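S.K.: The structure follows.
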Amino acid sequence: MPTFFDNDKYNYFKCICPLKQYGITCHLQTSDCKINICKNNSTCTAYADEYYHDISMCLCSKCYFGQHCQFPTAYLSLNMKLNTFNSMIMITQFLSYNMETLTLDIQNQQRINKNNFYKLNFEDFVLSPIGLLKTYHRYEQKEQDNIYLSYTHHNMSYVNITYEELIEKNRCYHSNEFNLIPNNYSSISDVLKIIKKHHNLCQTSQYNQTISNILCFYDPKFYLCLCDKEVYRTSCFYYDFTYDRCNYCINNGECFEGEKHKKVYDFIYHCSKCYYGSICQYSTNQFVFSLETLLALDNNDNINQTIMSDDTLLEVIIGKTN
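Going by our numbering, the first residue of the sequence shown is number -3, and it counts up by one from there.
See below:
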């Protein structure tokens, strides 16, 4: 049945119609797809346009795109070990570059769930030129946060890579590791002095003898640089490091977003100490412990979280007496 809302004593009303019904009072009904034009096990759905014409459209699965879901998507496959996640959040981004504005444009972003094998689909015939993998840890392990260059290819329909390959060879280095941080970001001369050294960083390993193959590096204030070994130069682009962050969490919780182009709340979080909940809304500051907090499900780790002090172990025994 339609849901009726009134306002100002019936001078205005609005009906929220159920599926396949439309019109001011939900008195019209759409027809089912007369001919299933959708391919590859996609779903055909019908709706009425503004002129009350029945329109059919296809809802594609993640692996296909196109008007009739007839084209397979490009994809990035990532293999990882069982213990890779622990308390870590992983975000992957597909990017293109603009040589006129020297910016990296994020075309698609997805958060990675807790699977050993993950297939990331990109709705096009080929992948975007650049792929990044970003990892985030809890507050006490923030120094372990990293950015990895998943791939740099042109006209590739798929890329297969393991997480072990990424962490061993494809880490993007923080500029601070080479003392390439300007003393004053507001000073153009200070910034230019640092930028002049970027090409040397990709050509030699003089800044750090333990690093022989630098693929990328970044300054989290504004740029990410890619090394081009063939032409012995560095290509630096403005990059939005906060694009994967969101503000749904409270109490200083950290929020990380997946899909942004679709109208869904696709996010994951890290709560600060003594807070928990889907948006870090619950606190344990007012008491030592409770059964609720002892058995609370940690959505990031997918394990039952136990709260204890450094010098005290709390044991809860739930039993049955005769």
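From the three backbone atoms N, C-alpha and C, an ideal C-beta is built for every residue, glycine too.
These numbers were taken from a predicted model, which means no experiment stands behind them.
Under a three-way DSSP split, which group does E250 fall into?
M.R.: Indexing the sequence shown from 1 puts residue 250 at position 254. Strand at E250.
S.K.: In chain order, what residues of the same chain lie with their CB nearer than 7 Å to the CB of E119, ignoring the 5 residues before and after it?
M.R.: As a working note, residue 119 is residue 123 in the sequence shown. Counting only Cβ-Cβ distances below 7 Å, and skipping sequence neighbours, we find F61 and T69.
S.K.: Return the CA-CA distance between I341 and Y43, expressed in angstroms with no decimal places.
M.R.: Any answer about residue 341 is impossible in this case: the structure gives the chain only from -3 up to 318.
S.K.: Check whether the Cβ atoms of C232 and Y244 sit closer than 9 Å, and answer yes or no.
M.R.: For the purposes of this step, residue 232 is taken as the residue at position 236 of the sequence shown. For the purposes of this step, residue 244 is taken as the residue at position 248 of the sequence shown. Contact: no.
S.K.: Identify whether K189 lies in helix, strand or coil by the three-state DSSP scheme.
M.R.: Looking up residue 189 in the sequence shown gives position 193. Looking at K189 - three-state DSSP - the assignment turns out to be helix.
S.K.: Under 9 Å, Cβ to Cβ, is there at least one residue of chain C near C221?
M.R.: Here chain C cannot be found, since the structure has a single protein chain.
S.K.: Taking one C-beta from the segment 271 to 278 and one from the segment 135 to 149 each time, how about it: are there three or more such pairs within less than 8 Å?
M.R.: No, the segment 271 to 278 is not in contact with the segment 135 to 149.
S.K.: Which residue comes first and which comes last in the alpha helix (DSSP H) that contains H194?
M.R.: Sequence index remark: in the sequence shown, residue 194 carries index 198 (1-based). Here the alpha helix (DSSP H) through H194 covers H194 to Q199.
S.K.: Could you give the first and the last residue of the continuous alpha helix (DSSP H) run that contains Y159?
M.R.: Your numbering for residue 159 matches position 163 in the sequence shown. Counting along the chain, the alpha helix (DSSP H) containing Y159 begins and ends at Y159 to K165.
S.K.: Can at least three beta-carbon pairs, one atom from the segment 161 to 181 and one from the segment 241 to 255, be found at a separation below 8 Å?
M.R.: With the cut-off at 8 Å, the segment 161 to 181 and the segment 241 to 255 do not touch.
S.K.: Nearest-angstrom Cα distance between I87 and K269?
M.R.: To locate residue 87, count along the sequence shown from 1; it is residue 91. To locate residue 269, count along the sequence shown from 1; it is residue 273. Computed Cα separation, rounded: 23 Å.
S.K.: I need the DSSP call for S274, collapsed to helix, strand or coil.
M.R.: For the purposes of this step, residue 274 is taken as residue 278 along the sequence shown, with counting starting at 1. Here S274 sits in coil by DSSP.
S.K.: State the DSSP-derived secondary structure class of N172, mapped to helix, strand or coil.
M.R.: One-based indexing of the sequence shown puts residue 172 at position 176. Helix, per DSSP.
S.K.: Please state if the CB of M76 and the CB of Y159 are separated by a distance shorter than 9 Å.
M.R.: Start at 1 with the first residue of the sequence shown, and residue 159 comes out as number 163. Start at 1 with the first residue of the sequence shown, and residue 76 comes out as number 80. Yes.
S.K.: I need the DSSP call for K115, collapsed to helix, strand or coil.
M.R.: Stepping through the sequence shown from its first residue, residue 115 is reached at position 119. The answer is strand: DSSP assigns K115 an E or B state.
S.K.: Relative to the C-alpha of C59, which residue among I126, Y239, F121 and I210 is closest?
M.R.: Sequence index remark: in the sequence shown, residue 59 carries index 63 (1-based). Minimum Cα distance to C59 is reached at F121.
S.K.: Please report how far the alpha carbon of N296 lies from the alpha carbon of Q199, in whole angstroms.
M.R.: Walking along the sequence shown from the start, residue 296 turns up at place 300. Walking along the sequence shown from the start, residue 199 turns up at place 203. Because N296 carries a pLDDT of 42, less than 50, the predicted location of this residue cannot be relied on, and no value is offered for it.
S.K.: Rank D236, I20 and S57 by C-alpha distance to the C-alpha of P216 and give the top, closest one.
M.R.: Locating residue 216 in the sequence shown gives position 220, where the first residue counts as 1. The residue with the shortest Cα to Cα distance from P216 is D236.
S.K.: Going by C-alpha to C-alpha distance, which of Q25, L162 and I85 sits closest to E253?
M.R.: For the purposes of this step, residue 253 is taken as the residue at position 257 of the sequence shown. Of the candidates Q25, L162 and I85, the one whose C-alpha sits nearest the C-alpha of E253 is I85.
S.K.: Residues in the same chain with beta-carbon distance under 7 Å from M152, minus the five sequence neighbours each way, listed in chain order, please.
M.R.: For the purposes of this step, residue 152 is identified with residue 156 of the sequence shown, where counting begins at 1. Once the five neighbours on either side are set aside, the close Cβ partners of M152 are V122 and L123.
S.K.: Using a 10 Å radius around the Cβ and a threshold of 16 neighbouring Cβ atoms, would you call T230 buried or exposed?
M.R.: Locating residue 230 in the sequence shown gives position 234, where the first residue counts as 1. Burial call: buried.
S.K.: If distances are taken between C-alpha atoms only, which option among L176, Y239 and G127 comes closest to Y93?
M.R.: Here residue 93 refers to the residue found at position 97 of the sequence shown. Y93 has its Cα closest to that of G127, out of L176, Y239 and G127.
S.K.: Determine the burial state of F263: buried for a count of at least 16 other Cβ atoms within 10 Å of its Cβ, exposed for fewer.
M.R.: Position 267 of the sequence shown, counted from the first residue, corresponds to residue 263. Buried, since its Cβ has 16 or more Cβ neighbours within 10 Å.
S.K.: Would you list the residues sitting across from N104 in a DSSP beta bridge?
M.R.: Residue mapping note: residue 104 aligns to position 108 of the sequence shown, counting from 1. Answer by DSSP bridge pairing, in chain order: F90.
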